Each structure stands twice: as structure tokens, then as C-alpha cells.
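**Q** Have a look at the structure that comes next, please.
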Amino acid sequence: MKDPEIDYQGIFDASPSAMLVLTPDLVIVDANVSYQDLVGRARHQLVDRYVYDAFPKDPEGPDDLKASLRRVLETRAQDVAGPMRHDVEEADRPGVFEERYWSPINAPVLDSEGNIVLVVHRLEEITDVVRACGPESDKRRLRTQFELYARSRELQQVNERLRQANARERQVALALQDAMLPAPERLDRHQAAVRYRPAEDTLNVCGDWYEVTQLACGAAAVAVGDVVGHGLAAAGIMGQLRSALSAAMRVVDGPATALDGLDMYARSLAGALASTAVQTVIDESGHRITYSSAGHPPPALAHPDGTVQFLDRATDPPLGAGPEHSARPQATTTYADGAVLVLYSDGLIERRREDIDQGLQRLADHLARHHKDDAEDLAEGLTTLSAATDDTVVVVVRL
């Protein structure tokens, strides 16, 4: 069905809000019926006139409209002028002005290139409210209240613009997440599951990352890393470190050598120092896991009988943390069919005002109870251990 055509002129004329339409030079283009009734002037007395000339002004009366319109033209953003006094000449008594109070809002209309093509001026009269206050001291108090109200409306408008900006930034963040954290590669001999959960008070992208790679030699490489910070800046650094380690694992011999290269790269990358990473290589033919860690929490290996082993015999400081580069350690452990390997970021085990050993024990207890679960179910269950105040990545590999 064809969309109905909208009669914008009809909507403008029928609006109960009093409105003027101005050019960027502040010449009146149109005035709706509500505006004409409010100010007591016909359309032909307003259109094609400079807005300040359309209304004779008391030379001794205040006028704050110019400042508001100037702000709109300079910022290209809506402006709430706040309650203001603008006396109006009486129709049958030229030169005699009646005290009137108004609450105006001015908003720009922008073209596709962001240039102002029109300004909409909306007006509400508040004279009766001001007069009802009685003595001048009460009027001043009421005026202060109106000004506070106007400022609150300005804050609401600022908050709305921030919300829109945050929504746009969130879309950028989601695009980055899709580009830099794609679905893990399918492994030839193992089932892998990944869960990625940003902190609740951040964008949907963070500094945590993972990499699951099927190597040409038949082994599987699994890594998890963590960049200091949140948001788009941390995500950019995360993407570079993840790509660098992924490339290194394809050309070097072993996880320690790959982290050596990543350490040297991190020293040349602004914002990458103190990042952590752990790299594992799973050799199915020998039932061995070789691993190396740069300041990252130790992977957990749940054996078929439910016992849990933390792979912590090859841990070094975070990337670039030492005064100079040095070779990183590497260790190997064995596993039996039916075991489960879990790599994770610190958001899974750390909680405020709690020792990290408690978080590790909580992880071990969960794995002892659920180590036989399907990889996807186990990964989903593990994410419930996080406090949601930090970014969390979990990678589960069923061996």
C-alpha cells in the first residue's frame, strides 16, 4: 500500500503551539494560526519582515531573544531562551506597551550537509502566571524558578543529543566487534565455544579478545588477551594485538616464541603496554597442551575425573612490563580424552573486595560440577560467574 502523503503545511497551521518559521537571516517566512492569535497580528503583518521589526519594542524593556537566535545560528543546535520579558505595543494605543512574558524555544532546520536552511521559533506566553505572583519580589522569585526550569529543559536537550551520539558510537562499536572478534575457526578434532560479555556500563566492545585457530600442522591454537581500558580506544589496540599474535602463531614454533614477538610489538604500540595474553597449543597426537602466559590468569584444565588443574608454570609479566625484552617461558602438560580446557579473561574471576584466589576456587568448583557438559552449555554457564562489572571472555575447548 502506498504511504499517504503528509500535509506538512496543514500540520503547521493546525498546531496548537505558536510557531514562526525564519530564514537564517531571521526574516519571517511563515506564522501559524496559533502564533497569529497569540501575538494579535495577522499573517501579512509578519511574513517577509525581519523578526525584530515585526514587533515594535519598548526602548526601555528587556529583550533576550537576540542572544538565543544567535546561539542557534552559531551552534546549529536547539536553544531554550528561558522565560523572558518582551513588552507588546497595544493595538489601539500606539507607543503604549503592555508588559508581557514569554517562554521561547528556537530550533534549526538543517539540510543534508548540516547547513541551516530555516529556524523554527516556538512561543508560549506566561504573562498570566507572572502577574498572579503579586509583589515584585514574588515575581523575581518566580522568574528564578522559570529560569531553573528553562535550564533543566536545556539539560534534557543536551542529554538527548548525548544519547543520540552514544547510539551512533555504539553502532561503531558493534561494527568493530564484528570485524575484530569474528566467530572462532572450526577445529578439526575439538569442539570450541566462545562467550564474549562486555561490562554493563560500557559499549558493546572492549579490550578483551580471543583467538581460536586451526594450524596447518594439525594442532589447535587458542589464545585470550586483555587490553587495559574499555571502549573504542581499547578495542583498536585489542584488534592490533590479536592480529599480531594470530599471525605469529602461524609462522613461529610454540606459544612462548609467539608471545616474544607480541611483546616486542606491544612496546612500539601506544596504549598496549601492560596488556596481558595467554597462548596455548593443543597437540592431539600427543595429547599435550603447550602454553605460555604474559601476566594473564592461568588456563584451567578439567580432567575427566573432575579434578581441575591451573596451567600456571609458564607465567611472566604483562606485555612490555619489563625494563627490556626477554625470552618468555613455556610449559607442557598432558590431558586425557574427555578433558576440558578453559581460557578466560580476569572479568570471570575478579570481584571487588575479594581475593583472586576466591575467584579461581569458584571457577574450579564450577568446572568440577559441570566438566561433562557440552562445550556451549559449559561456556554459557561459566559466564554467570562474572560480576558483570568488567569485560569477560570465555573460551571452552572439549578435548
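The sequence shown begins at 929 in our numbering and counts up one residue at a time. Don't be surprised by glycine CBs; every beta carbon is placed ideally from N, CA and C. These numbers were taken from a predicted model, which means no experiment stands behind them.
Please state the DSSP three-state secondary structure of H1049.
**A** Position 121 of the sequence shown, counted from the first residue, corresponds to residue 1049. Looking at H1049 - three-state DSSP - the assignment turns out to be strand.
**Q** To which residues of the same chain is A1296 closer than 8 Å at the C-beta, ignoring the five residues directly before and after it?
**A** By 1-based counting over the sequence shown, the position of residue 1296 is 368. Only A1230, G1234, T1235 and V1236 meet the Cβ criterion.
**Q** Given E905, which residues of its chain have a CB within under 7 Å of its CB, disregarding the five upstream and five downstream residues?
**A** It is not possible to answer for residue 905, since the shown part of the chain is limited to 929 through 1327.
**Q** When you compare only the Cα positions, how much space is there between R999 and A1198?
**A** The count along the sequence shown starts at 1 and reaches residue 999 at position 71. The count along the sequence shown starts at 1 and reaches residue 1198 at position 270. Taking the straight line from one Cα to the other gives about 39 Å.
**Q** Roughly how far, in whole angstroms, is the beta-carbon of L1269 from the beta-carbon of L1190, given that I think they are within contact range, below 8 Å?
**A** Walking along the sequence shown from the start, residue 1269 turns up at place 341. Walking along the sequence shown from the start, residue 1190 turns up at place 262. The pair is not a contact, with the Cβ atoms about 21 Å apart (cut-off 8 Å).
**Q** Under three-state DSSP, which class holds D1319?
**A** Start at 1 with the first residue of the sequence shown, and residue 1319 comes out as number 391. Coil at D1319, not helix or strand.
**Q** Give the C-beta separation of H1215 and A1149 to the nearest angstrom, bearing in mind that I take them to be a contact with Cβ-Cβ under 8 Å.
**A** Here residue 1215 is taken as the residue at index 287 of the sequence shown, counted from 1. Here residue 1149 is taken as the residue at index 221 of the sequence shown, counted from 1. Going by Cβ atoms, the distance from H1215 to A1149 rounds to 16 Å, so no, they are not a contact pair.
**Q** Closer than 6 Å by C-beta to Q1119: which residues in its own chain qualify, once you throw out the five before and the five after it? Chain order, please.
**A** As a first step, residue 1119 must be located in the sequence shown, where it is residue number 191. Taken in chain order, the residues that qualify are A1303 and R1326.
**Q** From the DSSP output, which residues share a beta bridge with G1153?
**A** Translated into positions along the sequence shown, residue 1153 becomes position 225. DSSP output for G1153 lists W1137 and A1205 as bridge partner(s).
**Q** Using 7 Å as the threshold, is the C-beta distance between V957 and V949 below it?
**A** Locating residue 957 in the sequence shown gives position 29, counting from the first residue. Locating residue 949 in the sequence shown gives position 21, counting from the first residue. Against a cut-off of 7 Å, the Cβ pair of V949 and V957 comes out as a contact.
**Q** Contact between the region 1214-1228 and the region 1164-1179 is defined here as three or more beta-carbon pairs at a separation below 8 Å; is this criterion met?
**A** At 8 Å Cβ cutoff, the stretches do not touch.
**Q** Going along the chain, which residues of its own chain have a beta-carbon closer than 8 Å to the beta-carbon of V955, five neighbours each way excluded?
**A** Translated into positions along the sequence shown, residue 955 becomes position 27. Correct list, in chain order: D976, R977, Y978 and V979.
**Q** How would you call G989, buried or exposed, if buried means at least 16 neighbouring beta carbons within 10 angstroms?
**A** Residue 989 sits at position 61 when you count from the first residue of the sequence shown. Here the model assigns G989 a pLDDT of 49, short of 50, so the residue's position is not dependable and the matter cannot be decided.
**Q** When you compare only the Cα positions, how much space is there between G1287 and R1279?
**A** On the sequence shown, position 359 is the one that residue 1287 refers to. On the sequence shown, position 351 is the one that residue 1279 refers to. Each residue's alpha carbon lies about 7 Å from the other.
**Q** Output needed for S962: all residues of its chain with C-beta closer than 8 Å, excluding positions within five of it in sequence on either side, in chain order.
**A** Here residue 962 corresponds to residue number 34 of the sequence shown, with the count starting at 1. So the list reads S943, P944, S945, A946 and M947, once near-sequence residues are dropped.
**Q** Shortest alpha-carbon distance to L1001 belongs to which of D1240, P1036 and V1008?
**A** To locate residue 1001, count along the sequence shown from 1; it is residue 73. When each option's Cα is compared against that of L1001, the closest is P1036.
**Q** For I1217, which residues does DSSP report across the bridge?
**A** The residue given as residue 1217 occupies position 289 in the sequence shown. Partner(s): I1210 and T1261.
**Q** Specify, as a first and last residue, the run of the beta strand (DSSP E) that I1033 falls within.
**A** Looking up residue 1033 in the sequence shown gives position 105. Segment Y1029 to L1038, the beta strand (DSSP E) holding I1033.
**Q** Would you check if the distance between the CB atom of G1135 and the CB atom of G1167 is smaller than 7 Å?
**A** Residue 1135 sits at position 207 when you count from the first residue of the sequence shown. Residue 1167 sits at position 239 when you count from the first residue of the sequence shown. Contact flag unset, no.
**Q** Which residues does DSSP list as the beta-bridge partners of E1026?
**A** Residue 1026 sits at position 98 when you count from the first residue of the sequence shown. The partner list for E1026 (beta bridge, DSSP) reads V1016.
**Q** Please state whether DSSP places I1054 in a helix, a strand or coil.
**A** Taking the first residue of the sequence shown as position 1, residue 1054 is located at position 126. Three-state DSSP puts I1054 in coil, outside helix and strand.
**Q** Take the Cβ of H1224 as the centre, count every other Cβ of all protein chains shown within 10 Å, and call the residue buried at 16 or more, exposed below.
**A** On the sequence shown, position 296 is the one that residue 1224 refers to. Flag for H1224 reads buried.
**Q** Please work out which residues of its chain come closer than 7 Å, Cβ to Cβ, to L1187, disregarding the five sequence neighbours upstream and downstream, and give them in chain order.
**A** Locating residue 1187 in the sequence shown gives position 259, counting from the first residue. Within the same chain, L1187 has close Cβ partners A1205, Q1207, S1220, A1222 and R1256.
**Q** Please say whether I1054 and S1040 have beta carbons closer to each other than 7 Å?
**A** Start at 1 with the first residue of the sequence shown, and residue 1040 comes out as number 112. Start at 1 with the first residue of the sequence shown, and residue 1054 comes out as number 126. The answer is no: Cβ separation not under 7 Å.
**Q** Write down the C-beta distance between Q879 and E1113 rounded to the nearest angstrom, noting that I regard them as a contact closer than 8 Å.
**A** This structure does not reach residue 879, given that the chain is present from 929 up to 1327, and the question cannot be answered.
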